[in-house]
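Under the numbering used here, the residues of the sequence shown are numbered 313 to 571, in order. Before any comments, here is the structure.
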Amino acid sequence: MIQTSPAAASQAPRSTREPESRAPIIQVHGLEKTYTTARGALTLFHGLDLEVYPGEFVAIVGQSGAGKSTLLHILGALDTPTAGTVHCASTNVAGLTQREAAAFRNSKIGYVWQFHYLLPEFTALENVAMPLLARGDAKRQALATAANWLREVDLEDRGDHRPGELSGGEQQRVALARALVGNPRLLLADEPTGDLDETTAGRVFDLLERLHASHGLTSIVVTHNLDLAARCTRTLRLESGRLGALETTLQTGLHTGKG
Ligand code: ADP
């Protein structure tokens, strides 16, 4: 089982939340995932274990096709495990109905993807407000909260811009505001800077770090960028269906493909 080091645990960020217990916020045990494909069964994980503690900022690296996105999907109740237990933010994720999974995602998880997936016909402000409107908040309140979040990502003057009128970095910042507008405990980010040039990627990652700390988040970031991964409190490599600390795999020669 992967354990956080005492050093990592003591690096808990400044938090706007109530103090949380030091019990893991994510606990995965014996995870297996098998897809049925035209070529037969494809098994991704072989008894994968993972524990993540509140406040950790964990990077996951690994070859393209290793299963990094699938792992995030399972943690975020977007996919289901074939075997094993998955507890995430006090929820038995594997046991959720579709309706419960949708509610879990809306209240507990912020998700950022490589591509922003903003709705092109809506403004930045409306896009950020969308998760709040989806859960039934009053429009006026939802737009006010969204405006606060646009300020948090330094885009308060872009609220009336549509996604097509924003740069790639700005689009991803709006996507980050949309991910966090519902005040989730967990941020799952799948190659959030993978579609950006190096300078913009660095700035988006700066913002991610800042929001992680100021909102007391627990964050898991899949990235192929080892420089960005090194800025996280812990880096895990997904290889041969299991997670291991990166330090040990570096000694045996690391090569990560772009996921
Ligand atoms: P990574 O994020 O590490 O690049 P993924 O999790 O996206 O890897 O995919 C891991 C493997 O699982 C890939 O070979 C992919 O083709 C396969 N895969 C992912 N989703 C499905 C699916 N729904 N059905 C069948 N195979 C899938």
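Where a beta carbon is used, it is the ideal one built from N, C-alpha and C, also for glycine. From a predicted model like this one, the values you see are computed outputs, not experimental measurements.
Check, Outcome
"Quick one: using the 10 Å Cβ neighbour count with 16 as the cut-off for buried, is Arg326 buried or exposed?", "With a pLDDT of 41 at Arg326, under the threshold of 50, the modelled position of that residue is not reliable, and no figure is offered here."
"Helix, strand or coil, according to DSSP, for Ala335 in the structure here?", "coil"
"Evaluate the contact criterion for the stretch 513 to 525 versus the stretch 401 to 414: three or more CB pairs, one atom per stretch, below 8 Å.", "no"
"Which of helix, strand or coil does DSSP assign to Asp539?", "helix"
"Return the chain-ordered list of same chain residues with a C-beta closer than 6 Å to the C-beta of Gly556, the five sequence neighbours on each side being excluded.", "Arg549"
"Residues around the ligand ADP, please: the condition is that the C-beta lies closer than 6 Å to some non-hydrogen atom of it.", "Tyr347, Thr349, Leu354, Leu356, Gly374, Ser376, Gly377, Ala378, Gly379, Lys380, Ser381, Thr382, Gly571"
"Hey, Gln296 and Val516 are a contact pair by Cβ (cut 8 Å); roughly how many whole angstroms apart?", "Any question about residue 296 goes unanswered here, given that the chain covers just 313 to 571."
"Let me know the secondary structure DSSP gives Thr394 once reduced to three states.", "coil"
"Under 8 Å: do the stretch 457 to 469 and the stretch 420 to 433 share three or more Cβ pairs, one atom per stretch?", "no"
"By DSSP's criteria, Asp466 is part of a beta bridge. Which residues make up the other side?", "According to DSSP, which records beta bridges pairwise, Asp466 is partnered with nothing at all."
"To the nearest angstrom, how far is it from the Cα of Lys345 to the Cα of Ile421?", "21 Å"
"Assign Arg474 to one of three DSSP states: helix, strand, or coil.", "coil"
"If you drop the 5 nearest sequence neighbours on each side, which residues of the same chain put their C-beta closer than 6 Å to that of Ala378?", "Leu550"
"Is the CB-CB distance between Val486 and Ala542 below 8 Å?", "no"
"Taking Val398 as the reference, give the member of Leu492, Pro336, Leu499, Gly481 with the closest Cα.", "Pro336"
"Classify Asp518 as helix, strand or coil using the three-state DSSP reduction.", "helix"
"CB-CB under 7 Å to Pro393, same chain, minus the five flanking residues each way: which ones, in chain order?", "Leu343, Glu344, Lys345, Ile386, Ala406"
"To the nearest angstrom, report how far apart Cys544 and Tyr347 are at their CA atoms.", "31 Å"
"Hey, Thr512 and Gly480 are a contact pair by Cβ (cut 8 Å); roughly how many whole angstroms apart?", "6 Å"
"Have a look at Leu444, Glu438, Leu360, Phe369 and flag the residue whose alpha-carbon is nearest the alpha-carbon of Asn495.", "Leu444"
"Tell me, to the nearest whole angstrom, how far the beta carbon of His341 is from that of Gly396; I am working on the premise that it is less than 8 Å.", "6 Å"
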